[in-house]
Amino acid sequence: MQWQDHAIILGVKRHGETSVIAEVMTRARGRHLGLVRSGRSRAMQPVLQPGNEVDVIWRARLDEHLGEFRVEPLRLRAAQLMETATAVYGVQAMGALLRLLPERDPHPHLYDALEVILDNLHNPADAGELFVRFELAVLNDLGFGLDLAECAATGARTDLAYVSPKSGRAVSRSAGAPWADKMFVLPGFLRADGNDAADFDSLSAAFRLTGFFLNRHVYEPRGIEATAARDGFIQAALKALNSSLRAIPAAPDELSA
């Protein structure tokens, strides 16, 4: 048995004295494990870092075997990803999300999304928004997708303001007003008809939204807790975003007010 694909390193585990078991996300075969002989060598250690993009050839006698990886570097991002807290925690948090999916189950859109996010983890606003969308995509692939396109009560596709914690569906402002205090705020950047960029408040609301549904549908039923990397990423992204907003100079009319 043999195949070849591009992959992104998610993590490695020591195996014996010189080898490692590498965990990668491939585009065509999903999350996959394989033995890398001499994976702890000086030459291979920099390559087998989370976030790096590699070319892998997998070989095994039978399809159900662990098999071996032959790894060649394509794009080494790891050094850059170590420069900010959002990147360090972001790589770990996305790896944890992908581990919720069955091994060897293809999710090409998640591979593509992972590539995009890894290239934007240095920007807190972009990183936070993309991460939330990644969580929504994982929920959808697990069978618990949220319907944020139309109002659950009226079918309207405009002026959507809330998300029902019971159904996971959007609710319009007028229909949801009587129960506003019992529902989640729908962040503007997640509305189909909105062009808003993520800010501190909307990103905070989005993290609360996805966190609730991940806990209810995934973590609690499986008896596991959300990884600490998610909390670390949220704190780092919100802190960096808040700092960047404070650093923006005030407009002339604001200074004269």
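Reading the sequence shown from the start, the letters are residues 6 to 262 in the working numbering.
Ideal Cβ placement from N, Cα and C applies to all residues, glycine included.
Legend entry - Same chain, Cβ closer than 6 Å to residue 79, five either side skipped, listed in chain order: 58, 59, 60
Inset, instruction - Assign residue 69 to buried or exposed, taking buried as 16 or more other Cβ atoms, counted over all protein chains shown, within 10 Å of its Cβ. - result: exposed
Inset, instruction - Would you check if the segment 27 to 35 and the segment 104 to 117 touch, i.e. whether three or more CB-CB distances between them fall below 8 Å? - result: yes
Inset, instruction - Quick one: give me the first and last residue of the beta strand (DSSP E) that residue 229 is part of. - result: Counting along the chain, residue 229 falls outside any beta strand (DSSP E), and DSSP gives it neither H nor E.
Legend entry - Residue interval of the alpha helix (DSSP H) (run including residue 213): 205 to 219
Inset, instruction - Check whether the Cβ atoms of residue 189 and residue 217 sit closer than 8 Å, and answer yes or no. - result: Against a cut-off of 8 Å, the Cβ pair of residue 217 and residue 189 comes out as a contact.
Inset, instruction - Could you check the C-alpha separation between residue 100 and residue 244 for me, to the nearest Å? - result: 22 Å
Legend entry - Three-state secondary structure assigned by DSSP to residue 163: Secondary structure of residue 163 (DSSP, three-state): coil.
Legend entry - Cβ contact check for the segment 126 to 143 and the segment 160 to 169: 3 or more pairs under 8 Å: no
Legend entry - Per-residue burial, residue 181 [other beta carbons within 10 Å of its own, 16 or more giving buried]: Taking a 10 Å sphere around the C-beta of residue 181, we find 16 or more other C-beta atoms and assign the residue as buried.
Inset, instruction - Let me know the secondary structure DSSP gives residue 30 once reduced to three states. - result: Three-state result, residue 30: strand.
Legend entry - Assigned exposure category for residue 2 - 16 Cβ within 10 Å defines buried: Given a span of 6 to 262 for the chain in the structure shown, any question on residue 2 remains unanswerable.
Inset, instruction - Could you work out which residue in 140, 148, 214 is closest to residue 175 when comparing CA atoms only? - result: The closest CA to that of residue 175, considering only 140, 148, 214, is found on 214.
Inset, instruction - Compute the Euclidean distance between the alpha carbons of residue 116 and residue 179, then round it to the nearest angstrom. - result: Residue 116 and residue 179 have their C-alpha atoms spaced approximately 38 Å apart.
Legend entry - Residue ranges of each alpha helix (DSSP H) within the segment 61 to 93, 4 or longer: 83 to 86
Legend entry - Boundaries (first-last residue) of the beta strand (DSSP E) holding residue 177: 175 to 177
Legend entry - Boundaries (first-last residue) of the beta strand (DSSP E) holding residue 131: Premise fails: residue 131 lies in the alpha helix (DSSP H), 129 to 146, not in any beta strand (DSSP E).
Inset, instruction - State the DSSP-derived secondary structure class of residue 54, mapped to helix, strand or coil. - result: coil
Legend entry - Through-space distance from residue 158 to residue 10, alpha-carbon basis: 45 Å
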